[in-house]
Amino acid sequence: METITMTLVQEPELFLECYSVTPDLFAGKSLAEIADLPAHEGKIQWKLGDFFKFEGKAGETAADTKIVVNGNVRRMKRFGQQMTAGEIIINSDADMYIGGWMKGGKITVKGNADSFLGIAMEGGEILIEGDAQNHVGSAYRGDWRGMSGGLIRVKGKAGNDIGTAMTGGTIIIEGDAFIHVLTHAEGGTVIIKGDVEGRVGGQMVKGDAYILGNLLYPLPGFKKVATVEKEVDGVTYTFDQFIGDLGERKEKKKGEIIYGNIFLKK
Amino acid sequence: MSELLIKNGYIFDPISGIKGDKADIAIKDGKIVDKVSSKAQVIDASGKTVMSGGVDIHTHVSGPKVNTGRMMRPEDKFFRGSYRGGIIKQGKRMEMGFSIPSTYKTGYAYARMGYTFTNEAAMPPLLAPHVHEEFRDTPILDQAAMPVFGNNWFCFEYIKNKELENNAAYVAWLLNATKGIGIKVVNPGGTEAWAWGENCTTINDPVPYFDITPAEIVKGLIETNEYLGLPHSVHIHGNNLGNPGNYKDTLDTLRLAESYKAKNKFGREQVLHNTHIQFHSYKGTSWADFESGAKEIMDYVNANKNITCDIGQVTLDETTTMTADGPFEYHLNQLNHIKWANVDVELETGSGVVPYIYDKNIKVCGIQWAIGLELALYAKDLMRVHITTDHPNAGPFTRYPCVIKWLMSEKARKETLDTMKWKDKVIAASNIASMDRELGLYEIAMMTRAGPAKALGLAAIYGSLVKGADGNVAIYNLDANDLPSDPELIEAAFQNTAYTIKEGVVVVKDGEIIAEPHKYTLWTKVNMPENAQVMHDIKEKFTKNYTVNLENYAVFDEHVHNPRAIELDVA
């Protein structure tokens, strides 16, 4: 795998949209061509080379390309948007929409990520060493198609609206989360190892939420049906299983009604 | 004194019967003329196809439900807002949205396809100011809008009491108050019934409380339309849209027109226009045995000259459905569980909006696609069968070139059919695979400009290259004597014109907008004596039932952008 290193040399005045920073767009290009790729600051279009210095070499294909981002890119969005393969490592905090609409490959952020992390993601893997904000693995505003595949792991805590309208894939929040988990979900798994404030599984048709900490305010649309043992992220725990959302439409598969599940650690 | 001469193009003008002859078109001061002076600007159209500007008889591009669609679907714009069109002088405009484009994209995209007139398909009278404000912001296109009458309490009462003259006076008053062009009927009685949680799925289901049937409403409105002699006929979206087996209800609706003759001074021959007839041509008893009823419907339309229709072709896209047929949108949302907006418009109508994905891998969508094309290919008189996608209900209007491609090329139809997952089931439930008819440019000109203009009663102004008509011309990069064998090139030619000319001004050159001249709002002005009884009824209903005062109801003059009235006198 070839590695290309981009280092911040000029801070933008506003937030910068780095939608061009993907292994797909870098692959097969020279350093000069990569520096020529577009980036938006508000409505002004710049080139990546106006802000970053590039070293190393891009691979022939996306899968063969690894991008390392150095410097403080806390105010830069959309790294890895729509990427299909390869790898991105960001050695600082990053802003919103990291890995949005991602189909494959891997993104690692060594610091914190902001909101809309991995929204509508279809595949691949995102690892955040710090915290994430709101709308992790959700649908785009107004859309009904959230994360459908892949894995998002946040080592720290996350905000609200985790996995809204999710249809597949897995989100692991190792710290706490706030409200609205798996709202409107029709599939997928969310594991929260810390505490959750409440509103888990509102209008959920299908999907699984595992909560290892406390769920402070559970929704009334769920009822307890069993106590089960389940393996979560490599460790087996005993859970109380709740099904719901009982106020939402229900589908049948092979004569059995499908419910969403919330597993609360005993 | 601006003069323009379009030289040596292949002319297709069904109104004057020109079928691809090489000729010149002269325009002076915005009108088609016999000849111009030697100082005229010359456009060389040799090797190109020349038609009048396109006329869309049925499209939802302006007004409250279109805007509700825009608001509830931010995702319709995503990854689709990068193109900027328009002229540099005014600052290029962002062209946003796919199925519910911004007003600017609407104007530019129609102009790039060679269209210069659109008829907004459903205007809720109470919210007419919104429609007219969007007209003002939609560049280039001349536009008109049809107020909806099929669930209007005034009409219900007048028709039930057989007060034809009073109903006519009310319709004339409302056309004036809303600056509308003609009578639109959506699910007659059914939308009012929806306010009671019910629907009218046949023409004989009584409307709750009013105790009137859809058949009586439609007949009453046809009689009213012909009593007034309006330019367009009654424009119907019938009962039971979109349900298997509804072709029988459609035939029932069409038969209501049997005893009527068109009476007008605008050259219109039909008394009923059945819009998006694809949605009304379904056989079967459920989605499992769903099949095409196109043959039955088109046999009837072919045999009855007092009917016109547009096809409402499904384009196999992700789109946004929006209609004044409130109960239909509720049932659609029960099928796809995405998003649903529902509105009741007081004494007049209702509305619903639901996103919908016509997926070529779903059997029903494939059959719907086949039905629309079958209807056009079974048609004997293409002046009476028009191309639409019921934008955005069956697909966005930007897909018209794709529809033209399917109609002109069996190969293109087969290619699309081959991509379908349930191809064999689509073929079994329709006749599309056995149809080898390929339409020509003359027939496309009938379906996209001459036919719609004639049915709207506007053929003296639009859809024609006869002397005196507006100088609206589309020049396509198509050699009529040597059409490309690759159907994709036909689609590309209809997507972006070589030139679009609006009232003698070149607005599109090589697919780029280069001018945005003034545009008109067309409406029908009926001159008739004031009817004291009707004015009394109007005042009473506004006092008792409406949430607005009568004084604040009508569209203010400053709302109406460049009005151009079609006038008629009723004694």
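Which chain is which? The protein sequence lines are A and B, in order.
The numbering used here applies: residue 2 is where the first sequence begins, and numbers increase by one.
The numbering used here applies: residue 1191 is where the second sequence begins, and numbers increase by one.
Beta carbons: idealized from backbone N, C-alpha and C, even for Gly.
Keep in mind it's a predicted model, so treat the numbers as computed, not measured.
Figure out for me which residue from the options has the closest Cα to the Cα of residue i.
i: L1762 of chain B; options: B:T1714, B:H1751 and B:T1733; result: It is not possible to answer for residue 1762 of chain B, since the shown part of chain B is limited to 1191 through 1761.
i: T1414 of chain B; options: B:A1359, B:I1467, B:A1367 and B:R1270; result: B:A1359
i: D1515 of chain B; options: B:G1542, B:H1470 and B:P1582; result: B:G1542
i: A59 of chain A; options: A:A40, A:A133 and A:G29; result: A:G29
i: I173 of chain A; options: A:G100, A:F16, A:I35 and A:V137; result: A:V137
i: D162 of chain A; options: A:K225, A:Y141 and A:S149; result: A:Y141
i: M1262 of chain B; options: B:T1368, B:S1289, B:S1228 and B:G1276; result: B:S1289
i: R1627 of chain B; options: B:D1614, B:E1600, B:N1621 and B:I1617; result: B:E1600
i: W1363 of chain B; options: B:Y1736, B:D1759, B:A1755 and B:V1724; result: B:V1724
i: G1210 of chain B; options: B:G1220, B:G1237 and B:A1230; result: B:G1237
i: K1570 of chain B; options: B:D1489, B:M1512, B:H1521 and B:L1631; result: B:D1489
i: M1637 of chain B; options: B:K1473, B:D1500, B:R1270 and B:N1464; result: B:D1500
i: F1307 of chain B; options: B:N1721, B:F1732 and B:V1663; result: B:V1663
i: G1370 of chain B; options: B:K1352, B:L1317 and B:W1343; result: B:L1317
i: D94 of chain A; options: A:G169, A:D115 and A:G87; result: A:D115
i: N73 of chain A; options: A:G169, A:G214 and A:E12; result: A:E12
i: G1220 of chain B; options: B:R1574, B:N1671 and B:V1696; result: B:V1696
If you measure between the beta carbons of residue i and residue j, is that distance less than 8 Å?
i: M2 of chain A; j: K67 of chain A; result: yes
i: G350 of chain A; j: G147 of chain A; result: No information on residue 350 of chain A is available, as it lies outside the stretch 2 to 267 that chain A covers here.
i: N135 of chain A; j: G157 of chain A; result: no
i: M167 of chain A; j: G143 of chain A; result: no
i: K1729 of chain B; j: P1707 of chain B; result: no
i: P1545 of chain B; j: T1505 of chain B; result: no
i: I244 of chain A; j: V233 of chain A; result: no
i: K1607 of chain B; j: I1467 of chain B; result: It is worth fixing the name first, because residue 1607 of chain B is Leu in this sequence and not Lys. Contact flag unset, no.
i: I1412 of chain B; j: K1709 of chain B; result: no
i: A1452 of chain B; j: R1445 of chain B; result: no
i: D1759 of chain B; j: N1721 of chain B; result: no
Enumerate in chain order the residues of its own chain whose CB-to-CB distance from residue i is below 6 Å, with the five nearest sequence positions on each side excluded.
i: K1595 of chain B; result: A1602, P1677, I1680 and E1681
i: V22 of chain A; result: F80
i: E1508 of chain B; result: I1547
i: V1430 of chain B; result: Checking the sequence shown, residue 1430 of chain B turns out to be Asn, not Val. If we look at N1430 of chain B and ignore the five residues flanking it on each side, its Cβ neighbours are T1391, N1436 and D1439.
i: S1471 of chain B; result: Y1437, G1483, A1484, I1487 and I1561
i: L1396 of chain B; result: First, the residue type needs correcting, since residue 1396 of chain B is Pro and not Leu in the sequence shown. Same-chain partners within the cutoff: T1403.
List the residues of chain B that residue i touches, going by C-beta distances under 8 Å, in chain order.
i: W47 of chain A; result: What W47 of chain A touches in chain B: nothing, since even the nearest Cβ is about 16 Å away.
i: R250 of chain A; result: H1527
Just to make sure I have the definition right: I need the residues of chain A whose C-beta is within less than 7 Å of the C-beta of residue i. Which are they?
i: I1528 of chain B; result: W145
i: F1268 of chain B; result: Y141
i: E1730 of chain B; result: Result: empty, since nearest Cβ-Cβ is about 43 Å, beyond 7 Å.
i: E1193 of chain B; result: Correct list: empty, because the minimum Cβ distance to chain A is about 41 Å.
i: E1720 of chain B; result: Ordered by position in chain A, no residue passes the 7 Å Cβ test against E1720 of chain B, which lies about 48 Å from the chain.
i: E1633 of chain B; result: Chain A residues near E1633 of chain B: none, gap ~40 Å exceeds 7 Å.
Can you list, in chain order, the residues of its chain with a C-beta nearer than 7 Å to that of residue i? Leave out the 5 residues immediately preceding and following it.
i: A1643 of chain B; result: V1245, A1649, Y1652, G1653 and S1654
i: F53 of chain A; result: M7, T8, L9 and V10
i: E126 of chain A; result: K107, G151 and L152
i: K1529 of chain B; result: M1262, V1544 and P1545
i: P39 of chain A; result: S21, Q46 and K48
i: V1321 of chain B; result: S1252, G1253, E1310, M1313 and A1335
i: E34 of chain A; result: none
i: N1433 of chain B; result: Y1472
Along chain A, which residues have their Cβ under 9 Å away from the Cβ of residue i?
i: M1262 of chain B; result: G143
For residue i, which residues in the same chain have their Cβ closer than 8 Å to its Cβ, ignoring the five residues on either side in sequence?
i: E230 of chain A; result: T237, Y238, T239 and F240
i: V1226 of chain B; result: E1193, L1194, L1195, A1216, I1217 and K1218
i: R200 of chain A; result: I180, H181, V182, T184, Y218 and L220
i: E1323 of chain B; result: H1749
i: T1609 of chain B; result: K1550
List, in order along the chain, the chain A residues whose C-beta lies closer than 8 Å to that of residue i?
i: E1519 of chain B; result: Simply none; closest approach about 16 Å.
- Task: Check distances from the C-beta atoms of the stretch 139 to 157 of chain A to those of chain B and list, in chain order, the residues that come in under 7 Å.
- Result: Residues passing the 7 Å Cβ filter: Y141, R142, G143, D144 and W145.
- Looking at chain A, which residues of the stretch 1655 to 1687 of chain B have a Cβ within less than 8 Å of any of its Cβ atoms? Listed by position along the chain: nothing, the set is empty.
- If contact means a Cβ-Cβ distance below 9 Å, which residues of the stretch 1496 to 1509 of chain B contact chain A? Here the close residues number zero.
- Between the stretch 1559 to 1581 of chain B and chain A, which residues of the former have CB atoms less than 8 Å from a CB of the latter, in chain order? Cβ contacts with chain A: none found.
- Task: Select from the stretch 1232 to 1265 of chain B all residues with a C-beta closer than 8 Å to any C-beta belonging to chain A, and list them in chain order.
- Result: Residues of the stretch 1232 to 1265 of chain B that bring their beta carbon within less than 8 Å of a beta carbon in chain A comprise M1262, R1263, P1264 and E1265, in sequence order.
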